[in-house]
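Numbering (numbering that gives the first Met the number 0), first residue to last: 0 to 598. Glycine is no exception: its CB is placed at the ideal position from the N, C-alpha and C atoms. Only a predicted model underlies this, so the values are computations on that prediction, with no experimental measurement involved.
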Amino acid sequence: MSAFLSTHTRSHSAGALRAADAGKTVVLTGWVKTYRDHGQAIFVDLRDREGITQLVFDPSFSKEAHEAAGVLRNEWCVGIVGEVRSRGGNVNQKIATGEVEVWVKTLEVFSKSDTPPFAIEDDVDTNDTLRLKYRYLDLRRPKLQKNLIMRSQITRTTRAYLGGAGFLEIETPFMVKYTPGGARNFLVPSRLNPGNFYALAESPQIFKQLLMVAGYERYFQIVRCFRDEDLRNERQPEFTQIDIEMSFVTEEILQTTMEGLMQTLWREVLGVELTLPLRRMTFAEAMDKYGVDKPDLRCDLILCDVSAPSGKSGFKIFENVVNGGGIVKCLRVPAASAEKLSRSTLDGLTDFAKSFGVKGVAFARVQEGGAWQAPFAKSFSDEARNEVNRIAQAVPGDTLIFVAEKPKVANTCLGAIRLNIGDKLGLIRKNEWQFMWLTDPPLFEVDDDTKEIAAAHHPFTSPRVEDEHLLDSAPEKVLARAYDLVLNGVEVGGGSIRIHQPGLQARAFKALRISDEDQRAKFGFLLDAFKFGPPPHGGIAFGLDRLAMLMTQAEFMRDVIAFPKTQKGSDLMTECPTPVSKKQLDELFVQVKADLPVK
RNA sequence: GGAGCGGUAGUUAAGUUGGUUAUAACGCCGGCCUGUCACGCCGGAGGCCGCGGGUUCAAGUCCCGUCCGCUCCGCCA
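Listed below in structure tokens is the structure:
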């Protein structure tokens, strides 16, 4: 232990001192952010996680401290004893402690630092590889410290709110039984059971339902989940959910409780007052108007379906798509904004669209009288054109953007174009918090190619009562008692009311063509449990990382996770994953294919 | 599985139709400086141009392969 610390205790953080503290003797600790040596006085900016304080080393005040300060360099870790003095009129407006400075009497160097590979300040554009390799230095940057501090406030507030609402925090296993379907699992070999594997839990889904069966009524957990899928900015192989399940509730009760959580978080963490209830929108409306199941309502541009007129317009390309089971969707860009759409922006959209597997995008400028200025205008019948104008509510000066494709592709692509040009034209209101509940999604999804049916969420999601009769005859038309919470175009949470009646569950399995045998093998323990008086129940899970990203306004998920992984799932700081030794593998009864490395 | 972008001093970037000694800023090192706060001034050091092959009299630059990172589609709730 340092002799300094045995005789001194830190009195203030580096962000705490104000004019009223002038005259006090203080003890500060932190890191040297910068030093400015004027020969006589030496100025040092001392940084800790709370802020920055200017230190003054003046030989007339302490010759000893001034001499010691001469060798200080960036990122040395130091402690000081000094006297707070007002800076009078010479205030530094840029920092919270700018009214004062601390004249140092005693300097203790806890440790020196090599020159860091990049500057420890915000907005320094350093490549990600380096930032991740020296993560502990990147984490010293004020912005990341601010993000992680806010993330801590989010989890603390969540625990307080849910605790107050009667929820119990209960842990569930990470090492679980492998279940096929859904996300790919990470596997863990069992040394004690040669040839057998655990899976790392994709989510605590089944366990939280069992806790409802067990009578715990209200459960939550801030829990790590693991999915071995390809990664994205907003997707890490391990991520954190705020996982919740409630018994004896309807959608309304559950959603209201969750809205209260959001309101509390925004109030206590951001100081923003949300208006409740939050908006509801059906899945069907979202797909129709926005092309996605997570509309960004900060942008007012909307899509419309013009398949009907396009299918008999005389324009072969559109007609063929419609006759082949595809759709034609149209995005109207109002005249005032359309003027700002340059030729090159529109050309760029074609390339953008191609990345979605779309062959092309068509543009038409609406002229006086409703005629179109477009390469295909003369192929398009007047009648069909007028009908498209009517559906799109187009007026002269507007630009119409068309995508004709299979439904899923057309929606995905034009929905993305909507946000792409919305951003370019400044039509996304960046200062808004646009929440909405997405409701009534389909219970099942039909694969475009194989025509196979699969659970859209998981096989325990309830169908809507009014749709139950369609389960056997037309399962693809059944809508679910499921809901997603969407914020600014990001799905921040999703859940459902679960099936708790064995008869209904059997029909759902039948619709999914899951045999009795498979049911037993995959979910036998849950089906058994449901024989013993399961309560009606439902739940939701929020993506904590995504919530934190939005609340901190971080551009990258990496910026709200202390130790994130790269797009290939590696940790550049610890250099993992790595091959392991033959001995370790033997112990686990695991063999690596001969052409891959073993240590 | 697929598409795109990137990799040049410690860092961020520039580097022309291939051409002589690969530039700049910041950082770093030394010196000077009584008030700076992106301190200033003078001087200095610093390069496997991601890696491997090819074309060429000549490659940072062109071609092929490969590795790493990022963004997106597929995948994933």
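On the DSSP bridge list, what partners appear for Ala391? If you number the first sequence from 1, residue 391 lands on position 392. Answer is none; Ala391 lacks a bridge partner.
For His11 versus Val31, is the C-beta distance shorter than 7 Å? Position 12 of the first sequence holds residue 11. Position 32 of the first sequence holds residue 31. The answer is no: Cβ separation not under 7 Å.
Give the DSSP bridge partners of Ala540, in chain order. Counted from its first residue, the first sequence places residue 540 at position 541. Answer is Asp242 and Gly493.
Coil, strand or helix - Leu340 by DSSP: For the purposes of this step, residue 340 is identified with residue 341 of the first sequence, where counting begins at 1. Note: Leu340 maps to coil in three-state DSSP.
If contacts are defined as beta-carbon pairs under 8 Å, then Asp471 and Arg512 qualify, I think. What distance do you get, rounded to the angstrom? As a working mapping, residue 471 is identified with position 472 in the first sequence. As a working mapping, residue 512 is identified with position 513 in the first sequence. The Cβ separation is near 12 Å, so there is no contact.
Following the continuous alpha helix (DSSP H) through Ile153, name the residue where it begins and the one where it ends. Here residue 153 refers to the residue found at position 154 of the first sequence. Pro141 to Gly163 is the span of the alpha helix (DSSP H), which, as asked, contains Ile153.
Could you give the distance in angstroms between the alpha-carbon of Val365 and the alpha-carbon of Gly488? In the first sequence, counting from the first residue as 1, residue 365 sits at position 366. In the first sequence, counting from the first residue as 1, residue 488 sits at position 489. If you take the alpha carbons of Val365 and Gly488, they lie about 29 Å apart.
Counting C-beta neighbours from all protein chains within 10 Å, is the total for Pro276 16 or more, i.e. buried, or is it exposed? Numbered from 1 along the first sequence, position 277 holds the residue referred to as residue 276. The residue is exposed, with fewer than 16 neighbouring Cβ atoms inside 10 Å.
Out of curiosity, what's the CA-to-CA distance linking Glu49 and Lys429? Taking the first residue of the first sequence as position 1, residue 49 is located at position 50. Taking the first residue of the first sequence as position 1, residue 429 is located at position 430. Roughly 27 Å between the two C-alpha positions.
Rounded C-alpha distance that separates Pro563 from Leu45: In the first sequence, counting from the first residue as 1, residue 563 sits at position 564. In the first sequence, counting from the first residue as 1, residue 45 sits at position 46. Distance between the alpha carbons of Pro563 and Leu45: 28 Å.
Is it right to say Cys224 is buried, meaning 16 or more other beta carbons lie within 10 angstroms of its own, or is it exposed? Mapped onto the first sequence, residue 224 falls at position 225. For Cys224, the number of other beta carbons within 10 angstroms of its own is at least 16, and it is reported as buried.
Whole angstroms are fine: how far does the CA of Leu71 sit from the CA of Trp601? As displayed, the chain neither begins before 0 nor continues past 598, which places residue 601 out of reach and without an answer.
Tell me the DSSP secondary structure of Glu250 in three-state form. Here residue 250 refers to the residue found at position 251 of the first sequence. Glu250 falls in the helix class under three-state DSSP.
Can you check whether the CB of Pro440 is closer than 7 Å to the CB of Phe282? Numbered from its first residue, the first sequence carries residue 282 at position 283. Numbered from its first residue, the first sequence carries residue 440 at position 441. In this structure, Pro440 lies closer than 7 Å to Phe282 by Cβ.
Counting pairs of Cβ atoms below 8 Å between the segment 115–124 and the segment 146–155, do you hit three or more? Counting Cβ pairs under 8 Å, fewer than three are found: no touch.
What residues in its chain sit with their C-beta under 6 Å from that of Met548, if we drop five residues either side in the sequence? Here the question's residue 548 lines up with position 549 in the first sequence. Counting only Cβ-Cβ distances below 6 Å, and skipping sequence neighbours, we find Met556 and Val559.
Quick check on Asp47: buried or exposed, where buried means 16 or more other Cβ atoms within 10 Å of its Cβ? Residue numbering aside, residue 47 sits at position 48 when the first sequence is read from its first letter. Label assigned to Asp47: buried.
Once DSSP output is grouped into helix, strand and coil, what is the label at Glu237? Residue 237 sits at position 238 when you count from the first residue of the first sequence. In the structure shown, Glu237 sits in a strand (DSSP, three-state: E or B).
Neighbourhood of Gln566 by C-beta distance below 6 Å, restricted to the same chain and skipping five residues each side: As a first step, residue 566 is located in the first sequence; it is residue number 567 there, counting from the start. Cβ within range, chain order: Leu230.
Taking just the CA atoms, how far does Tyr289 sit from Pro535? Taking the first sequence and counting its residues from 1, one reaches residue 535 at position 536. Taking the first sequence and counting its residues from 1, one reaches residue 289 at position 290. Taking the straight line joining both Cα atoms gives about 33 Å.
Can you name, in chain order, every residue of its own chain whose Cβ lies under 6 Å from the Cβ of Lys405, other than the five neighbours on each side? As a first step, residue 405 is located in the first sequence; it is residue number 406 there, counting from the start. Correct list, in chain order: Gly325.
Spatial neighbours of Asn322 within its chain, please: CB distance less than 8 Å, with the 5 preceding and 5 following residues excluded, ordered by chain position. Indexing the first sequence from 1 puts residue 322 at position 323. Around Asn322: Gly310.
Gln583, DSSP secondary structure in three states: For the purposes of this step, residue 583 is identified with residue 584 of the first sequence, where counting begins at 1. Correct three-state label for Gln583: helix.
Assess contact between the segment 202–209 and the segment 478–493, defined as three or more Cβ pairs (one per stretch) separated by less than 8 Å. Is contact present? no
According to the neighbour-count rule (16 or more other Cβ atoms, all chains shown, within 10 Å of its Cβ), is His65 buried or exposed? Within the first sequence, numbered from 1, the residue matching residue 65 stands at position 66. Buried is the call here.
Return the chain-ordered list of same chain residues with a C-beta closer than 6 Å to the C-beta of Leu161, the five sequence neighbours on each side being excluded. Here the question's residue 161 lines up with position 162 in the first sequence. Phe219.
Less than 7 Å separating the beta-carbons of Met435 and Val485? Indexing the first sequence from 1 puts residue 435 at position 436. Indexing the first sequence from 1 puts residue 485 at position 486. Yes, the pair counts as a contact, with Cβ atoms nearer than the cut-off.
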